[in-house]
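Below is one structure, written out as structure tokens, with a few remarks after it.
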Amino acid sequence: MKGDFEVSDEQEIEQTDMEESEEEEIPAVTLFSGGMGYVPREEADRISQEGFYGDRLDDGKLELEPVEILHLLERQRIELVDDGGERVESKDIVNLLIEEDTGLWTRYLVFRDLRSRGYAVRSGFGGGIDFRVYARGDRPGPDTANQLVYVLKEGDSISLNDLDVVTEAAAVARKKLVFALVDQNGEVNFYKVAQAILHDKIGDDE
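Each number in the numbering used here corresponds to the 1-based position in the sequence shown with 6 added.
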């Protein structure tokens with residue numbers, strides 16, 4: 007029988023050695039279409055390899071997810087254009103993305119915090135798992151993530167059933183589960199989650 011779940015004190019996820027370049031660079035002109043970003047093939051390697059962003063498409067372009075778009079815009083590594091090639095203001099894109107996904111900004115704060123600590127981070131695989139975080143020295147692609155991150159905003163709640171689902175998913179995948187709690191000031195705290203299994207005592211006379 008499944009029982010309680012234990013949340014430890016705040017835990018620091020193991021920091022990787024991955025560091026992004028702080029040198030000035032010319033922003034990559036990136037197409038914004040359908041809520042996603044598309045870095046042209048000639049710029050894809052630079053953006054992908056310096057920070058491990060996006061997924062490579064068959065045509066060589068680099069596809070960026072919304073949290074990656076926000077992070078690269080903040081770091082001034084990309085400049086967005088629309089389907090007609092006209093430059094799109096960053097603030098307009100930010101507002102549009104947040105309007106379409108009200109939880110995006112909270113997830114972005116967690117994504118940004120993890121990246122600032124030097125982690126390689128990729129999106130989760132559904133079921134409430136928001137991000138996959140890679141172990142020290144590991145890289146997306148040849149390696150697999152060893153930690154899964156579930157994002158919560160202060161004041162939000164999670165049902166015991168949902169908690170059970172994400173915890174068991176992490177256990178089945180043999181990965182550590184970490185909750186990221188974002189407070190009202192935008193500060194992020196990480197908590198390691200452990201699953202406790204309780205067994206029925208049948209025929210126990212004590």
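Ideal placement from N, C-alpha and C gives every residue a C-beta, glycine not left out. For clarity, every value in this text was computed on a predicted model and none was experimentally measured.
Endpoints, the alpha helix (DSSP H) within which residue i is located
i, result
"tyrosine 114", "110–122"
"alanine 50", "47–55"
For residue i, three-class secondary structure by DSSP
i, result
"arginine 62", "strand"
"isoleucine 75", "helix"
"glutamate 31", "coil"
"asparagine 195", "strand"
"lysine 181", "coil"
"glycine 43", "strand"
"alanine 200", "strand"
Contact set for residue i: own chain, Cβ-Cβ below 7 Å, skip 5 residues either direction
i, result
"glycine 175", "According to the sequence shown, residue 175 is alanine rather than glycine. Counting only Cβ-Cβ distances below 7 Å, and skipping sequence neighbours, we find Gly133, Ile135."
"serine 165", "none"
"proline 33", "Gln82, Arg83, Ile84, Glu85"
"lysine 181", "Ala151, Asn152, Gln153, Leu154"
Proximal residues to residue i (C-beta, below 6 Å), its chain only, five neighbours per side dropped
i, result
"lysine 159", "Thr112, Val188"
"leucine 120", "Val127"
"threonine 36", "Gly43, Val45, Ile84, Leu86"
Residue range of the unbroken beta strand (DSSP E) whose run includes residue i
i, result
"arginine 138", "135–139"
"glycine 130", "127–132"
Contact with chain B by residue i, beta-carbon distance below 8 Å
i, result
"glycine 133", "In the structure shown, chain B cannot be found, because there is only a single protein chain."
Residue i beta carbon near the ligand ZN (any heavy atom closer than 7 Å)
i, result
"valine 94", "The ligand ZN is not among the ligands present in this structure, which contains no ligands whatsoever."
Cβ-based neighbour list, residue i, same chain, cut-off 8 Å, excluding 5 preceding and 5 following
i, result
"alanine 179", "Leu154"
"valine 194", "Leu115, Val116, Asp119, Ala186, Leu187, Val188"
Exercise for the section: At 3 residues or longer, and completely inside the segment 77–112: list those beta strand (DSSP E) runs for me, N to C. Expected result: 84–87
Problem - Cβ contact (3+ pairs, closer than 8 Å) linking the segment 66–82 and the segment 97–106 - result: Per the Cβ contact rule, the segment 66–82 is in contact with the segment 97–106 (3 or more Cβ pairs under 8 Å).
Problem - Residue ranges of each alpha helix (DSSP H) within the segment 144–179, 4 or longer - result: Assignment of alpha helix (DSSP H) within the segment 144–179, counting only whole runs of 4 or more residues, yields 166–178 in chain order.
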